[in-house]
Amino acid sequence: MANRAQIQTNNSALIAMIADEDTIVGLLMAGVGNVDLRRKTNYLIVDSKMILLMLLSFAYEKCSLCFLETTVKQIEDAFKEFSTREDIAIVLISQYVANMIRFLVDSYNKPVPAILEIPSKDHPYDPTQDSVLSRVKYLFSAESVASGRR
Amino acid sequence: MEEQEEATGFEAAVRQAVGDEDVLRFMDSTDSYLTLLDSLSSTLRQGWLDLAIARQSMGASRINGALLDHKSHSAATSVQVDQEDVDSMEAQPRFTLRKWALVADGKQCYEEQKMGEDKFPGKTGSLQLRHRGDSQLSDEKTSESGAQLDVDDQIQKERAKLLSMFGTLISPKLRAAQLSFETALETFVEIANMRSAMLSSFDRVRNELDHQKDDTVPIPSADLVVYDVDSCATKGLFGLPIDA
């Protein structure tokens, strides 16, 4: 039970973001951008160039597999960093980016920072892919309830 | 023996009633979660549209990720995390948005400063000199509203400062986009709270189900049992005792 863990209170925690360029630019305009003394940001832009590299990597699987690994690795590293930093309370991640590292997102079960899957400009939100909803949806199936009653 | 069976049935009925409440809470939070995400999609869509219009009028080179500020700076908007006790057993995080926290802190400092100056009236003149027209305002209420206006001005300045990375003369649509994304931020925090409520109630329902699986005594059906909270009595359909 993740919720039974002691929750660390924080007066001014950050909101981290892994999303497309327009979403990041918009949220930075709203004032959530933070750059620390080591020039580490609280956001990662997954831009179209990155996606293009990924598509190329899929097309030429053998010759440019390193591109794909680097790209997904960047997202993975950013996700791991944001989800372990103590000064971050909420991590916003575009759902299509979360799909690239689904294994990591689904295995995350801590209450803080809260991982929220959000829609992006080109990919609307799909509730069936949401990690939180897929974790709780088994309660809606008749079999689980029936097995509970037995 | 009968008394023991009755007690076990009563316990099961109590658990059933509590379980139903948890299920309702879980369903309610799931519904709210989905509704909020729908609202978030609309808000973000409006923000992207405004941003696209601004980009079209100002030029693509004026609005892009390359212009973002990479100098060291703190976030103007942050989140406060508190622990909320749902019951004695479990705790869930509670997120509160602190919009323009730096300005708000400044306001607090201003208020603290003002209180300090009230204690030392000799220094009040120095405060009045800083604001044009303040010498005519003796009413405390007016000075409070003046302070509020001051904070509003500060917030407007902060907003303008954040937009200044895109140049001095910016499209009004960029300001509209900024407001849309500010609204989206509020929705994000609501969704985070709803998510923690949903997961908390889900854990309780799952515990209840696991408990029921382990229980060897058959549990009475929910549609046949009415649990009376006041009298702490368990009655069957039409008020008959459950063992009758």
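Taken in order, these protein sequences are the chains called A and B.
Per our numbering, residue 21 is the first one in the first sequence, and the count goes up by one each step.
Per our numbering, residue 207 is the first one in the second sequence, and the count goes up by one each step.
Heads up, the beta-carbon is just placed ideally off N, CA and C, and yes, glycines get one too.
Cut-off 7 Å between Cβ atoms - residues of its own chain near F387/B, not counting five sequence neighbours on either side: Sequence-distant Cβ neighbours of F387/B in its own chain, meaning closer than 7 Å and more than five residues away, are G253.
Contact set between the region 31 to 56 of chain A and chain B, restricted to residues whose Cβ is under 8 Å from the partner: N31, S32, A33, L34, I35, E41, D42, T43, I44, V45, G46, L47, L48, M49, A50, G51, V52, G53, N54, V55 and D56
Three-state class that DSSP yields for A281/B in the structure shown: coil
Listed by chain order, chain B residues near Y145/A by CB distance under 9 Å: L243, D244, L246 and S247
Buried versus exposed, by CB contacts within 10 Å (16 or more), T104/A: So T104/A ends up on the exposed side.
In chain order, each alpha helix (DSSP H) run of at least 4 residues that lies wholly inside the region 112 to 136 of chain A: 115 to 120 and 122 to 127
CB contact check: I95/A to chain B, cutoff 8 Å: The beta carbon of I95/A sits no closer than 8 Å to any beta carbon of chain B.
Three-state secondary structure assigned by DSSP to T241/B: Three-state DSSP puts T241/B in a helix.
Test item: CB-CB of G51/A and A282/B under 8 Å: yes
Simplified DSSP assignment, three categories, for Q149/A: helix
Identified DSSP bridge partners for F301/B: V287/B
Distance between Q28/A and V454/B (C-alpha atoms, nearest Å): Since the first residue of chain B shown is 207 and the last is 450, residue 454/B is not available in this structure.
Residue burial classification, E106/A (beta-carbon count within 10 angstroms, cutoff 16): exposed
Inter-stretch contact at 8 Å, needing at least 3 Cβ pairs: the region 92 to 103 of chain A / the region 113 to 121 of chain A: yes
Where A36/A falls: helix, strand or coil (DSSP): Correct three-state label for A36/A: strand.
Contacts that T374/B makes with chain A (C-beta to C-beta distance below 8 Å): Going along chain A, no residue has its Cβ under 8 Å from T374/B, so there is no contact; the nearest lies around 16 Å.
Assigned secondary structure, V156/A (DSSP; H/G/I helix, E/B strand, else coil): helix
Nearest-angstrom Cα separation, counted from R251/B out to D142/A: 10 Å
With 16 other Cβ atoms within 10 Å as the buried cut-off, status of F160/A: exposed
Per DSSP, cross-strand counterpart(s) of A44/A: Note on residue identity: the sequence assigns Ile, not Ala, to residue 44/A. Looking at the DSSP assignment, I44/A forms no beta bridge with any residue, so it has no partner.
Cβ contact (3+ pairs, closer than 8 Å) linking the region 234 to 244 of chain B and the region 382 to 402 of chain B: yes
Whole-angstrom distance between S140/A and Q362/B, CA atom to CA atom: Whole-angstrom Cα-Cα distance: 28 Å.
6 Å CB neighbourhood of M49/A in its chain, flanking five on each side removed: For M49/A, where only same-chain residues beyond five positions count, there are no Cβ hits under 6 Å.
Of the residues A266/B, V287/B and Q360/B, the one placed nearest I108/A, counting alpha carbons only: V287/B
Selected residue, minimal CA-CA separation from P378/B, among L255/B, L246/B, D416/B and S248/B: L255/B
Distance CB(L112/A)-CB(L136/A) smaller than 8 Å: Cβ atoms of L112/A and L136/A: closer than 8 Å.
Proximity of D42/A and L257/B at Cβ, strictly below 8 Å: Yes, the Cβ-Cβ distance between D42/A and L257/B is below 8 Å.
Within 8 Å, strictly: CB atoms of D40/A and S114/A: yes
Euclidean distance between Cα positions of G53/A and S280/B: 7 Å
is_contact[D126/A, chain B] using C-beta, thresh 8 Å: no
Cβ of L391/B within 8 Å of any chain A Cβ: yes
Residue-chain proximity (I259/B, chain A), Cβ-Cβ < 8 Å: no
Cβ separation of V55/A and F408/B, assumed to be a contact under 8 Å, to the nearest whole Å: Actually they do not touch by this definition, with Cβ atoms about 37 Å apart.
Residues sharing a beta bridge with I108/A, DSSP: The partner list for I108/A (beta bridge, DSSP) reads L34/A.
Proximity to T148/A [Cα-Cα], best of R231/B, D234/B, E227/B and L243/B: L243/B
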